[in-house]
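Here's the structure, in C-alpha cells; my notes come after.
2 protein chains.
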Amino acid sequence: MNDGIQRRTTVKDVAEAAGVGVATVSRVLSGGQASAQTREKVLAAAARLDYRPSALGRNLRRRRTGGIGLLVPDVTDSFYARLIDGVLSCARSYGEPVTVGVTGDDPEREAELIGTMIEQSMDRVIAVPSGDGETWGPALRAGLNLVFADRRGRADVPSVIADDAGGLLTAVEYLAGLGHRKIAFLARHGQAQRVAAFSAALSTVGLPVGPDLVVHARASRDSAYAAAAGLLQRHPDATAVLAGGNVLGEATVLAARELDVRIPRDVSLVMFDDVPWAELCSPPLTVIAQPAQDIGYRAAELVFRQGRRPPRVILPTELVVRASCGPRRRI
Amino acid sequence: MNDGIQRRTTVKDVAEAAGVGVATVSRVLSGGQASAQTREKVLAAAARLDYRPSALGRNLRRRRTGGIGLLVPDVTDSFYARLIDGVLSCARSYGEPVTVGVTGDDPEREAELIGTMIEQSMDRVIAVPSGDGETWGPALRAGLNLVFADRRGRADVPSVIADDAGGLLTAVEYLAGLGHRKIAFLARHGQAQRVAAFSAALSTVGLPVGPDLVVHARASRDSAYAAAAGLLQRHPDATAVLAGGNVLGEATVLAARELDVRIPRDVSLVMFDDVPWAELCSPPLTVIAQPAQDIGYRAAELVFRQGRRPPRVILPTELVVRASCGPRRRI
DNA sequence: GTCGTTCATGGAAACGATTCCAGCAGGATT
DNA sequence: AATCCTGCTGGAATCGTTTCCATGAACGAC
Numbered sequence: 001m002n003d004g005i006q007r008r009t010t011v012k013d014v015a016e017a018a019g020v021g022v023a024t025v026s027r028v029l030s031g032g033q034a035s036a037q038t039r040e041k042v043l044a045a046a047a048r049l050d051y052r053p054s055a056l057g058r059n060l061r062r063r064r065t066g067g068i069g070l071l072v073p074d075v076t077d078s079f080y081a082r083l084i085d086g087v088l089s090c091a092r093s094y095g096e097p098v099t100v101g102v103t104g105d106d107p108e109r110e111a112e113l114i115g116t117m118i119e120q121s122m123d124r125v126i127a128v129p130s131g132d133g134e135t136w137g138p139a140l141r142a143g144l145n146l147v148f149a150d151r152r153g154r155a156d157v158p159s160v161i162a163d164d165a166g167g168l169l170t171a172v173e174y175l176a177g178l179g180h181r182k183i184a185f186l187a188r189h190g191q192a193q194r195v196a197a198f199s200a201a202l203s204t205v206g207l208p209v210g211p212d213l214v215v216h217a218r219a220s221r222d223s224a225y226a227a228a229a230g231l232l233q234r235h236p237d238a239t240a241v242l243a244g245g246n247v248l249g250e251a252t253v254l255a256a257r258e259l260d261v262r263i264p265r266d267v268s269l270v271m272f273d274d275v276p277w278a279e280l281c282s283p284p285l286t287v288i289a290q291p292a293q294d295i296g297y298r299a300a301e302l303v304f305r306q307g308r309r310p311p312r313v314i315l316p317t318e319l320v321v322r323a324s325c326g327p328r329r330r331i
Numbered sequence: 001m002n003d004g005i006q007r008r009t010t011v012k013d014v015a016e017a018a019g020v021g022v023a024t025v026s027r028v029l030s031g032g033q034a035s036a037q038t039r040e041k042v043l044a045a046a047a048r049l050d051y052r053p054s055a056l057g058r059n060l061r062r063r064r065t066g067g068i069g070l071l072v073p074d075v076t077d078s079f080y081a082r083l084i085d086g087v088l089s090c091a092r093s094y095g096e097p098v099t100v101g102v103t104g105d106d107p108e109r110e111a112e113l114i115g116t117m118i119e120q121s122m123d124r125v126i127a128v129p130s131g132d133g134e135t136w137g138p139a140l141r142a143g144l145n146l147v148f149a150d151r152r153g154r155a156d157v158p159s160v161i162a163d164d165a166g167g168l169l170t171a172v173e174y175l176a177g178l179g180h181r182k183i184a185f186l187a188r189h190g191q192a193q194r195v196a197a198f199s200a201a202l203s204t205v206g207l208p209v210g211p212d213l214v215v216h217a218r219a220s221r222d223s224a225y226a227a228a229a230g231l232l233q234r235h236p237d238a239t240a241v242l243a244g245g246n247v248l249g250e251a252t253v254l255a256a257r258e259l260d261v262r263i264p265r266d267v268s269l270v271m272f273d274d275v276p277w278a279e280l281c282s283p284p285l286t287v288i289a290q291p292a293q294d295i296g297y298r299a300a301e302l303v304f305r306q307g308r309r310p311p312r313v314i315l316p317t318e319l320v321v322r323a324s325c326g327p328r329r330r331i
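Line by line, the protein sequences are chains A and B. When the count follows UniProt numbering, it moves up by one through the first sequence with no breaks and lands on 331 for the last residue. When the count follows UniProt numbering, it moves up by one through the second sequence with no breaks and lands on 331 for the last residue.
Dropping the structure here:
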C-alpha cells in the first residue's frame, strides 16, 4: 500500500522520459509546432506519467490566472444563486475555475475582497457592486477585466442587467389599473437605480411621488423582516407593496401574516424575482420575473470576450400575474 | 489622466525603495525577525508603493495555494447555497479564497473538477461527493486535504454530516403515530445512505420494508418533478411521502396540485431541509431541519485544521411540525 | 556546389515570492 | 584580548511553466 504523497511530476520529468527538451514538451502540450514523431513521444510520456501541468507555474509566467472572480451580496438569495449558476455554467465551457466571494452589500467588505482578487492576480471579475464607484478604482488600475451584473455601478464598466424600469412600469401600471394610488417600495441597499425607476414609473402613470413610500433594508433576512414589518405598520394607507427582491418578498409575506394583514385583501404584493416557491406560496405571488441565470451567463461571456464589448446588456423582465394582487381595499 | 495599466510592484521594488534586500522585505512582511528600524523603513516603502504580495509567486514557492475548493451538486438548491455560505464565512476569517464547482451529481463531471483542483494546486477541498470512492483516489494521492460534507463518501475521508438517521427515525415515528403504514421515500441520487437510514427507521417502528417505495430523481428540478409525479401516480396506496430534499419537496407539492392530490388530506408530506418558504407554503410544510450552514462552517474548520481530525462530525437535525401531515386517509 | 529559407529543437531567462546560508557586527564570557 | 554567541542582513537558489533565441539540419533554387 502506498499512501505516501507523490512529488508532482513536472514538465522536466516528461522531457526526460520522452528524451526531449522541456521547451518541446511545453510546445507540444500547448499545441505548438512539432514533428509528428516527437509529438507522439511526448504525448506518450505525458500520459504514462499522468502529467498535469501546474496552473501555478503557468499563471506565474503568464502573470495572470485564467480564473474568474465573482462577487455577490449573498449566495443564500435564490436570485444570486441562479446568477452564480449562470456564471459557473459559462466558465465551465472555458474550463476556468470561479472564485466566489460574498460582500453582504458592504462596501468595506467589497473593497477587502477586491484586494484579495488583486493579490490572486485574477484578471477577470464579475461583480454585483455595492460600493460607490471609487471602491473599484484599484481593480481597474490593476488592469483587470471587470463586468458588473444586476446593477450598473459606474459608466466605464460594462454591465449586464435586467430591465428593471420596464418591469417596474408594467407592475405599477397593473397596480394602478387595480385602483391603487399609494404604492410602497421595499428596497435593498444598493438598489438606488431600481428606486429611481420606481419613481419614474409612478410619475408616468400619474401617481404622486413621495420618498416616504420607499423603505430600505440591508442584505440579511432579519433586516428584511424588520423593514417589511415597519413598512406595513407605518404606512397603513399604502394599499400595495412592491418588494425589491425575493428575500424582501418573503419577509413581507411573513410580516403581513404576523401583523394580521391579509394578502391580497388588505394589501396587494408584487415581488421582484420569480422563485419556485412563489407559486407554492399562499397566496401564489405575482412577480416580476428576472432571467437571473442568463444575467450570470451573459456577464461571463462578456468577461471572457477579448475585444471591445457592449457597454450594457439589458435583459427583459416579465410580469407574472398570480394571486397576490387585488382591487384597492376600502379604508 | 493615467489610464495605462501599471506594472505590478514587486518585492524587488520595495527592497530598492527601502534600501534593503529582498529577503529582508519578505521577512518583515511575513512577520519574521528584523530590527525596528528596518521594519519601519520596509513598511513605509511598502505602504508608499501600495505593495501587495502576489499570491502566485508565494504559492509557487510554497507549492500550494492556500485557497480552498468547494464541490457541490447544485448551487441553486437552497441547502447547498447555505452550505456554501457557511464555508465562505469560515474561509473569510482565514482570508482564503474559495473556488466553487458544480458537479450536478455527475461522477464524471466531478472527476473533471477534481482534475482542475489538482491543476490549480488546491490543497484543501470540501466536497459533497457524488462519485464512488475511486473518483477521489487521484485527489488523495495528490496529497490534498479533503473533507466531505453532507454525505460520507469513503471511510478514510473525514466528513461532516447531519444526523439523517435520527431525523428520519423521528419523522417515521411521527407518521406511524398518525396511522400511516405505507410511507414512500423520494430520494436523490447519491443519497444511498439516507435511503438505508429510511429502511432502518421503518423496521425500527415495525413497518414492512420494500424497495418499491423508494423512488430516485436526479439533481434537476425537472427530474424531481417527474419522479414526484410518478411516485404519486404509481403508488396510490402510499399515504405519506418523505422528500429527501427541498427541491424534491417542492416538486412533490407541485405534482400533488397538478394531480389533484390534496396535502395533507390525501397524502402527508415531510420534507428534508427547512427552507424559508416551507412556512409560506400552502399548507406549511412539516420538515426535518438540517443545519446546512453549520455543516459548511464545520467542514471548513476541519479542512483548515492541521493536526489529526475527527473522522466524522454529526450535527443534529430537528423535526419541525407544521401542517403537511395528517391522519391516514381512508381508502 | 553554394546560398538562403524553413522548420524542428533545446538551453536559458523570466515571472514573483520564500528561504537557506553565509557574512558580519557587536556584546558577553573566559 | 581572544573567543563564542546572538541577531540582522542580503545574495542566490528554488518553485514549474512559457517563450525568446540560437543552433543545426534539410531542402529547393540559382
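Backbone N, C-alpha and C fix where the C-beta goes; we use that ideal spot for every residue, glycine too. This one's a predicted model, so the numbers in the text were calculated from it and none came from an experiment.
Give me the chain B residues within the contact set of residue 183 (chain A), using Cβ-Cβ distance strictly less than 7 Å, ordered along the chain. Under the 7 Å cutoff, chain B gives no residues; its nearest Cβ is about 22 Å from residue 183 (chain A).
Tell me which residues of the region 68 to 92 of chain A have at least one Cβ-Cβ distance to chain B shorter than 9 Å, keeping chain order. So the close ones are 69, 70, 74, 75, 76, 77, 78, 80, 81, 82, 84, 85, 88, 89 and 92.
Take residue 238 (chain A) and list the residues in its own chain whose beta-carbon comes closer than 6 Å to its own, dropping the five residues that flank it on each side. Taken in chain order, the residues that qualify are 182 and 184.
To the nearest angstrom, how far is it from the Cα of residue 265 (chain B) to the Cα of residue 322 (chain B)? Each residue's alpha carbon lies about 14 Å from the other.
Please report the straight-line C-alpha distance between residue 151 (chain B) and residue 59 (chain A), rounded to a whole angstrom. Computed Cα separation, rounded: 34 Å.
Rounded to whole angstroms, how far is the Cβ of residue 86 (chain B) from the Cβ of residue 278 (chain B), which I believe are closer than 8 Å? Your pair residue 86 (chain B) and residue 278 (chain B) does not check out as a contact, with CB atoms roughly 19 Å apart and the cut at 8 Å.
Chain B partners of residue 52 (chain A), CB-CB under 8 Å? 115, 118 and 119, listed in chain order.
I believe residue 249 (chain A) touches residue 188 (chain A) by the beta-carbon criterion, under 8 Å. Please report the beta-carbon distance rounded to the nearest angstrom. Rounded, the Cβ-Cβ distance is 11 Å, inconsistent with contact.
Name the chain B residues that come within less than 8 Å of residue 145 (chain A), Cβ to Cβ? Chain-order list of chain B residues neighbouring residue 145 (chain A): empty, with the shortest C-beta distance near 11 Å, by a criterion of under 8 Å.
Reference residue 95 (chain B); option with closest CA among A:115, A:76 and A:82: Minimum Cα-Cα distance from residue 95 (chain B) among the listed residues A:115, A:76 and A:82 corresponds to A:115.
Under 8 Å between beta-carbons, which chain B residues line up against residue 325 (chain A)? List them in chain order, please. For residue 325 (chain A), none of the residues of chain B pass the 8 Å Cβ criterion, the least Cβ distance being about 17 Å.
Could you please give the first and the last residue of the uninterrupted alpha helix (DSSP H) stretch that includes residue 295 (chain B)? Unbroken alpha helix (DSSP H) run through residue 295 (chain B): 292 to 304.
What does DSSP give as the partner residues of residue 68 (chain A) in its beta bridges? In the DSSP output, where bridge partners are listed per residue, residue 68 (chain A) has A:98 and A:124.
Identify which residue in B:9, B:262 and B:206 has its Cα closest to the Cα of residue 63 (chain A). Here the closest residue by C-alpha is B:9.
Within chain A, the residues that residue 57 (chain B) reaches when beta carbons sit closer than 8 Å: Within chain A, 60 have C-beta atoms less than 8 Å from the C-beta of residue 57 (chain B), given in sequence order.
Whose Cβ in chain A lies nearer than 9 Å to the Cβ of residue 282 (chain B)? Within chain A, the residues placing a beta-carbon under 9 Å from that of residue 282 (chain B) are 280, 281, 282, 283 and 284, ordered along the chain.
Please classify residue 1 (chain A) as buried or exposed, where buried requires at least 16 other C-beta atoms within 10 Å of its C-beta. Low confidence applies to residue 1 (chain A): its pLDDT is 38, below 50, so where it sits in the model is not reliable enough to give any reading.
How far does the alpha helix (DSSP H) with residue 247 (chain A) in it extend, from its first residue to its last? Residue 247 (chain A) -> alpha helix (DSSP H) spans 246 to 258.
Going by other Cβ atoms of all chains shown within 10 Å of its Cβ, with 16 needed for buried, is residue 19 (chain A) buried or exposed? Exposed is the call here.
From the DSSP output, which residues share a beta bridge with residue 185 (chain A)? Residue pairing by DSSP places residue 185 (chain A) opposite A:214 and A:242 in a beta bridge.
Going by DSSP, name the residue or residues bridged to residue 56 (chain B). Residue pairing of residue 56 (chain B) in beta bridges, as defined by DSSP: absent, with no partner found.
On the three-pair Cβ rule with 8 Å, is the region 154 to 172 of chain B touching the region 190 to 210 of chain B? Taking 8 Å as the limit for Cβ pairs, the verdict is that the region 190 to 210 of chain B does touch the region 154 to 172 of chain B.
Locate the beta strand (DSSP E) running through residue 318 (chain B), then write down its first and last residues. It spans 318 to 320 - the beta strand (DSSP E) in which residue 318 (chain B) sits, taken as one unbroken run.
For chain A, find out if any of its Cβ atoms is closer than 8 Å to the Cβ of residue 276 (chain B); answer yes or no. Yes, its Cβ sits closer than 8 Å to a Cβ of chain A.
Residue range of the alpha helix (DSSP H) that residue 114 (chain A) falls in? Unbroken alpha helix (DSSP H) run through residue 114 (chain A): 107 to 119.
Tell me which residues share the same chain as residue 142 (chain A) and place their Cβ nearer than 7 Å to its Cβ, disregarding the 5 neighbours each side in the sequence. 118, listed in sequence order.
Name the residues in the region 93 to 110 of chain B whose C-beta lies less than 8 Å from a C-beta of chain A; which are they? Listed in sequence order: 95, 97, 98, 99, 100, 101 and 102.
Along the region 226 to 252 of chain A, what residues have a CB closer than 7 Å to any CB found in chain B? If the cut-off is 7 Å between Cβ atoms, the region 226 to 252 of chain A has 250 near chain B.
Assuming residue 71 (chain A) contacts residue 103 (chain A) under a Cβ cut-off of 8 Å, what Cβ separation, rounded to an integer in Å, is found between them? For residue 71 (chain A) against residue 103 (chain A), the beta-carbon gap comes to about 5 Å, under 8 Å, which counts as contact.
Leaving aside the five residues before and after residue 162 (chain A) along the sequence, list all residues of the same chain whose C-beta is less than 6 Å from its C-beta, in chain order. Apart from sequence neighbours up to five positions away, the residues of its chain that approach residue 162 (chain A) with a beta-carbon distance below 6 Å are 290, 315 and 317, ordered along the chain.
Once the 5 residues before and after residue 106 (chain A) are set aside, which same chain residues still bring their CB inside 7 Å of it? Within the same chain, Cβ atoms closer than 7 Å to the Cβ of residue 106 (chain A) are found at 130, the five residues on either side in sequence being excluded.
Just to confirm before moving on: does the CB-CB distance between residue 227 (chain B) and residue 216 (chain B) stay below 8 Å? Yes, these two residues count as a Cβ contact at 8 Å.
Considering only residues of the same chain and omitting the five flanking positions on each side of residue 160 (chain A), which have a CB-CB separation below 6 Å? Correct list, in chain order: 149, 295, 298, 299 and 313.
Candidates A:309, A:230, A:276 and A:121, of which the one nearest residue 213 (chain A) by Cα: Of the candidates A:309, A:230, A:276 and A:121, the one whose C-alpha sits nearest the C-alpha of residue 213 (chain A) is A:230.
Proximity winner among A:100, A:67 and A:43, relative to residue 83 (chain A) (alpha-carbon distances): Among A:100, A:67 and A:43, the Cα nearest to that of residue 83 (chain A) belongs to A:100.
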